[in-house]
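Protein sequence lines, in the order shown, are assigned to chains A and B.
With numbering that gives the first Met the number 0, you'll find the first sequence wraps up at 817, consecutive numbering, no jumps.
With numbering that gives the first Met the number 0, you'll find the second sequence wraps up at 893, consecutive numbering, no jumps.
Glycine is no exception: its CB is placed at the ideal position from the N, C-alpha and C atoms.
Just so we're clear, the structure is a prediction, and the values are computed from it rather than from any experiment.
Remarks on the structure that follows.
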Amino acid sequence: MRQHVRLPLMAFAAVLTVALVPVWVCAAESAASPKPAEILVYPPDVQLTTARDRQSLIVQARYTDGITRDVTTDAKFTLVDSKLARFDKQTLYPVADGSTKVDIEYAGLKVTLPVSVKSAKVTPAISFKLDVMPVFMKSGCNMGSCHGSARGKDGFRLSLFGFDPDGDYQRLTRELSGRRINLAIPEESLLIQKALGAVPHTGGKRFEAGCEMYQTLMTWLKAGAVPDPGEVPKVVALEIYPKGAVLDGKGATQRLSVRAKYADGTDRDVTTLAYYMTNNDVSAAVAQEGVVTAGARGEAFIMARFSTYTVGSQFIVLPKGLKFEFPKVIENNYIDTHVNAKLKKLRIQPSPVCGDEEFLRRVTVDVTGTLPTVDEYNRFMKDASPDKRKKVVDDLLTRKEFVEIWLMKWAELLQIRTNQNISTKSMLSYYTWLQNKIASNVPMDVMVQELLGSQGGTFANPATNYYQNETDTLKTAENVAQVFMGMRIQCSQCHNHPFDRWTMDDYYGFAAFFSQIGRKPSEDPRELIVFNSGGGDVRHPVGGRVMQPKFLGGEVPDVAGKDRRDILAKWLASPKNPYFAKNLANIVWAHFFGRGIIQEVDDVRVSNPAVNAELLDELGTKFTEYHYDFKRLVKDICASRTYQLSTEVNPTNVDDHRNFAHAELRRMRAEVMLDCISQATDTKNKFPGLPLGARAVQVADGNTSTYFLTTFGRATRGTACSCEVRVEPNLSQALHLLNGDSSNSKIHEGKVVRRRLEEKKSPESILEELYVRCLCRRPTAREKGALTALLAENSNKRQVLEDTFWALLNSREFLFNH
Amino acid sequence: MSVRSCCKWASAVSALVLCVLAPSRALPEDNKSTTAKGPKVTYEDNVKPIFREKCFACHNTEKKTAGLDLTNYAGAMAGGGSGPVINPGSAGDSYLFSLVSHQSEPHMPPKSDKLPADMLATISKWIDGGALETSGSKAAVSKKPKVDLALKGAPVGRPAGSPPMPEHLSLEPVIRTTRATASRTVAVNPWSPLAALAGQKQVLLYNTKTLELVGVLPFPEGVPQVLKFSQNGLLLLAGGGRGAASGRVVVWNVKTGERIFEVGEELDTVLGADISADQSLIALGGPSKMVRVYSTADGSLKSTMKKHTDWVTAVAFSPDGVLLATADRNGGVVIWEAQTGREYAVLAGHATAVTALSWRIDSNLLATGSEDTTIKLWEPENGTQVKTWGAHGGGVTSIGFTRDGRLVSCGRDGVAKLWDQNGSAKQTFSGFADLPLCVAYCDETNRLVAGDWTGAIRVFNGPDAKQLGLLDADPPTLVERLDSAQKSLTTRESEHVQLAERLKSAKVESTKRHAELEAAGKELAAAEANWNTASATAAKDKATAEAIAAEINATPARITALEGAIPPLKIAAEKSAQALAKITGDKDLSAAAAIVKAQVAQKTKELDDVKRRLPELKKKVEKARATQSGSEKHLAGLKPGLESLRKRAMDPAIPAQAAFDASVQPLAQAQHNVARWSEEIAFRDKAVLVAAAQAKAAQLAEAVQAAQAAYDTARADVTKLEQSVAAAVKESEVATAGVKKAQDFVVQLGAEQQAAGRHAAIIDALVPALGEALAKAEEAARRGPGEADVAGQVNELKQLIAKKTTESELLKKSAAEKPKAIETARSQVAVAEKKAAESKSAIDAAKKKVLEAQAGLKPFEERIAAAKAKAGEGTKILEAAKKNLEAAAPHRAA
């Protein structure tokens, strides 16, 4: 551990106290609290290296009902060998070299941690990179809105979140030399004066004179503001403690402890240097001192950022003394187990299972993008077998429409569309290639490996179209990361990712896999030949060094003499890549729930954690076990009770839209909606390049669209972003459905009502059929009564029925999958 | 230039006084005597400094955030976009106060702690007290400089008189830090070997010839960022301040060290500044992006130039005073008309920050140096670039023209360079510890002065680039210097003592050895004689050997010659013999044959002789050589003995004496140093005493004034009282007159009464007579009726009687009334008399008061006298201290 703090005098006084009485208790334990089930002490071990080091400990009590409480100040700390270290305010400071143990006791429970002290008499010099740079981060100096901005602020620039410490050193000391730092009178350095707010500073006061950050800067300046001699150890891991907490009622607090691990094996308590963030400060606010305070009921992810690392811890806040009982429910499979576990933590009751009609419509729309036909409806409703839901899923999965839905989704991910570079022929062969893969149920890993490693002409081997669509090395790397790993690494192109672990090194290391793609024209000007050129590098923009290909979050493989893409493809679409299976599973999940376990599905980052990490992990594991056959994953999902929950809410889950405690209303995507309207009205559409009657989901080219599809937010496939598909309602959608030719003219065109009337069917039966066609249910008694009355009093039955049809198509019940 | 002539002491004192008094200048009110109500809190004195520190950054004339400008009173009172912010008389109702006291949002200053309580109290007091601009008793601070700086026209060439050097300035640094820091500026006087360096809160003057510190000028404003000597070298300008807080430009008299001008109200430090050659203008610029030109005549702002898009980094007047060049951090260079402030030319070309500007002395060429690595030369007339070259990799940090038109520069490649005007480097100066930041060339000594990032200032010899020494930007204090001098003296002294000891013992030794020496001397003489003989023999032997050797050397040639001559002779002899045989009897022929034959015989013999002698000669030479080497050996054997004898013969006292003699000079130097620094300290202390005496004298003079003022007040009271006495006297006189008048009235009334009585009596006596006359007349009328005139007479008589009767009655009545009137008049007399009496006593009282007051004046007079006496003493002390200081002025080496 390394910690660079000036010891206050009081701490010294504490040494004396501790030396005399090795054991001391901070405060008497409150008698009212019940005995906890266990106590957790963080971090799990203490390593003190150098005299400036220290380690804060936190003690968390966990009660049988899952509630946790911060009992650090009430716990009793006993150092086995009190000569090696000393305590001050639950923090251990080194005294002499050696190894010992510390016992922590609370309410009769005891935990023992190992303590090791090294170089206790050595006080290292303040390092610019290790000690000064964190001050800029912690005090917010190098934020994007401040000096971290590309052009700096008020004449002074720092690299955003400190991605360029050498540059920062230069700018601070050698730019406008003599202005920012004053070695003769360090306290009069503008750096200090501004930070203290002693002179006007747009950023105001950043810290107090005499505080730890102030001391760090001053010590560094007093020593001559020297640069670091040589390389300094890099942070290799960051740990945040506690790992999670369930806080009981507003105002409950939990302190945090953050520890950084360095490449040289040392660690350091960076609790005071980490920058804290919360993704929900209504539920859990975090102070920059590292204390979380509970607010309204809810869930929050508390993050700590230090160096290039961001780590998080999950906090749940419950109303004080909440009485809660989880209903007894049958768990169909592992999905339900994980979802319910989370709901139990949150004290949320799931909704009941939905009815058969709802299920049939939901699953048919989700799996095939079509509405259940009247026959299907009748068959399903008549079926009395207990596993009829499973049967219908099995049945749906065999349908070609299922393939088409996923073909469409993959076409979006692979951005299949014509453009200036890609001819229709190329596009179509690319689409056909994808269609073959999906239709023949080629495992996803095989398909992705084939895609990423593809070589040859874009006609001969259509998969190479992936590299014609995007020819920029960096953008290709970004797309691959976003589509196959769900990561948006774009930020790291110019600076270390502010909310994730990715650094510029990671970015350019990953991009290096795509630096040797050769492209040359073929005889046919429309065709491009993609090959491994075997040469070309990516250089780091700061310093210009050549980057070795490095897997994102993985190792540096040996690429000498090999096709870099091959190596990447083999790693990427394999269990070695921790993100691949989970990412695809999450994409599948999001399709069926309208929301990913990580939302957005292509925005996986530390600061956007999975709402149910255990669930996502297991889905990923299963997906791997299924050999990347996502049909089986779909089966699991559709079979789960979670998928089959009703949209009806209860008081505990009414506000929850993240944890799958009830089904969500989901507007159908543009293509599916158009197909469903056409299916309900018995009409056919004509799309360019496709025969009359083709379905919208079959449109191969992202560049092809119709007014309807554009209005309802069909993906143009211009980018790989999941945000391309838009399902947010807007006014033109509503007006189009009400007045446009999609509903009214299709009703006339399809002649459904007219034909039924010609077939001499009774208006009541036609009415019923319309309901089943559109909504997959029979009209309610009230609906039936009102409409029958209308029919009775109006001689133009067709008019009434067609108006009803129109009304049904415009109803929210039709437009939404529910 | 009409600089106030100053005595020697003035310089040091002013420097010290400024140093001592500097902090109090910020709040001039502190020293003011206070009235009973407490000091007036005013905008100029109390509130503006607070606003400057906390508010000006946003609420200034340029930025005017929220429409509010607090940098002047009018702006503060006018308020901002939301209306007036100050409600005079009520701080509680003032928007400004509610924001700064954090009573309402947005809290001011933004993102900062609340202002300290004392500042808030001052603002509150100021508003509650009616938000005064200045205290009524005090005129606004005059910005007029102490002297008229402006010259008649710009000087060209070397100024008359001695080179401008500081005469006697204190060498005590204002501040001593543990290390120096980056030095952004250095200036060299154009006409004297004098360099100015920027220290912390001070400017340091060094002699470039001796590299000695020659003066310290306090700059409590902060860190100087720019230093410039005026064209004539008599003034030194420093611009600087505290980053993001304040910026100011100060001008000193180089000779006296007197601070003669201050200008600038910048909100950040000044980065570039210059004084025009005629000294009428001072231009400055900095992070405000504005260039401001001030007049030195009255300190007024003459022009403000808003053109630069980034911080103004350099400002330079052309030596002829016509143009002003300014540069910024974004690569912009602009030339202005100095007098009008009008834009003259924009010099576009630099890609990034321009760091330095320099005019050639003829004003026809401007050089600019930039972080873009280039130096560019511009022709100012049309603003065209005439030359550009990459000067320093990484960027140019400083440039300067020499008097002869060459250029010096330094940059991020870690060296300083001397260039000719074509941009070819003539000399490179290296050896900097870190980034060189500033450079200047001393034309008087041909030396280059350059400072680097660590604050080390190096002096190089221009012609050969050799480093000559360092100037300390953080010089030691006098006490430190004295300490080190004393330490050095102690060392020297002990060394000296040791050497003296050694000399002494050497001398003893010398005496002791004297006899020995004599013997040795003899021995030496013998040895030397020996040596001489031996060497003579050796020489002789050598000569012999050489002669023989020469002979030997010559022999083979002779043999060859003879051997060559004999065969033809033999042939000739044979031929002559044959001829003789044929022609026998020819005498001539036989004679010739005989000659030839004889010759042959002779030559042959000669050859034989030579051949025979050669081995002998060789033997001889060997022998001679052996003799020679023997003598040489002998010589060599003698040499060491001789040397040792020589050594022994040499007096051991001599080296000791030499060492001793050599130590005298350093010792004297050390003694001199100690004396020198003691003297400097004494000088400094005396200067401090003078400063104190001056302050004391000023205080005493103030006391005199105060006493005088008190006396004047008292005197005014006395005058007032005297006036009231006069008034009382006048009143009394009036009262006395009133008494008399009343008495007269009483008498008059009595007289009138009597007269009336008398008159009534007369009338009363007359009326019967008239009655008789009437009776007679009536009778007559009766008797003679119709007699008109009688009847008339009767009537007349009747009327007369009636009239007289009435008259008598009236008179009687009047007489009867008089006593009452008299009584009234008498009481009036009494009143008047009382009044008169009273006024008389009032006079007495007033007179008494006057006397008392007059008596009361005495203490005041005494106080004045005492204060004056004290002030006199103070002045005497001051004079004495000054004399003392003058006497103590150290004699520094030139």
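Closer than 8 Å to chain B by CB, residue i
i: leucine 182 (chain A); result: yes
i: threonine 803 (chain A); result: no
i: glycine 196 (chain A); result: yes
i: tryptophan 23 (chain A); result: Model confidence at tryptophan 23 (chain A) stands at a pLDDT of 39, short of 50, so the residue's coordinates are unreliable and nothing is read from them.
8 Å Cβ shell around residue i - same chain, five flanking residues per side excluded
i: lysine 602 (chain B); result: Leu561, Ala564, Ile565 and Leu568
i: arginine 501 (chain B); result: Ala655, Ala658 and Phe659
CB contact flag (residue i, residue j, <8 Å)
i: tryptophan 418 (chain B); j: arginine 405 (chain B); result: yes
i: lysine 204 (chain A); j: aspartate 112 (chain B); result: yes
i: alanine 727 (chain B); j: isoleucine 821 (chain B); result: no
i: asparagine 464 (chain A); j: tyrosine 429 (chain A); result: yes
i: proline 185 (chain A); j: leucine 159 (chain A); result: no
i: valine 269 (chain B); j: valine 225 (chain B); result: yes
i: serine 306 (chain A); j: alanine 259 (chain A); result: yes
i: glutamate 356 (chain A); j: cysteine 775 (chain A); result: yes
i: asparagine 478 (chain A); j: alanine 719 (chain A); result: yes
i: glutamine 627 (chain B); j: alanine 544 (chain B); result: yes
i: leucine 216 (chain A); j: leucine 190 (chain A); result: yes
i: glutamate 265 (chain B); j: glycine 285 (chain B); result: yes
i: leucine 720 (chain B); j: alanine 854 (chain B); result: no
Beta-carbon proximity list for residue i, same chain, < 6 Å, skipping 5 on both sides
i: alanine 700 (chain B); result: Ala870
i: aspartate 167 (chain A); result: Leu157 and Ser158
Short CB-CB distance (under 8 Å) between residue i and chain A
i: threonine 176 (chain B); result: yes
i: serine 397 (chain B); result: no
i: glycine 242 (chain B); result: yes
i: alanine 21 (chain B); result: A caution first: alanine 21 (chain B) carries a pLDDT of 37, below 50, which makes its placement in the model unreliable, though a value can still be read off. So no, alanine 21 (chain B) is outside the interface.
i: glutamate 885 (chain B); result: no
i: lysine 47 (chain B); result: no
Residues that residue i bridges to, as DSSP identifies them
i: methionine 276 (chain A); result: A:Met302
i: serine 294 (chain B); result: B:Leu280
i: phenylalanine 162 (chain A); result: According to DSSP, which records beta bridges pairwise, phenylalanine 162 (chain A) is partnered with nothing at all.
i: tyrosine 240 (chain A); result: A:Ser256
i: alanine 84 (chain A); result: A:Pro93
For residue j and residue i, the rounded distance between their alpha carbons
i: tryptophan 805 (chain A); j: isoleucine 746 (chain A); result: 7 Å
i: lysine 503 (chain B); j: glycine 636 (chain B); result: 36 Å
i: lysine 586 (chain B); j: glutamine 577 (chain B); result: 14 Å
i: alanine 344 (chain B); j: serine 397 (chain B); result: 22 Å
i: phenylalanine 530 (chain A); j: glycine 701 (chain A); result: 26 Å
i: serine 13 (chain B); j: alanine 725 (chain B); result: Caution is warranted here: a pLDDT of 43 is assigned to serine 13 (chain B), below 50, making its placement in the model unreliable, and no coordinate value can be reported.
i: isoleucine 876 (chain B); j: lysine 867 (chain B); result: 14 Å
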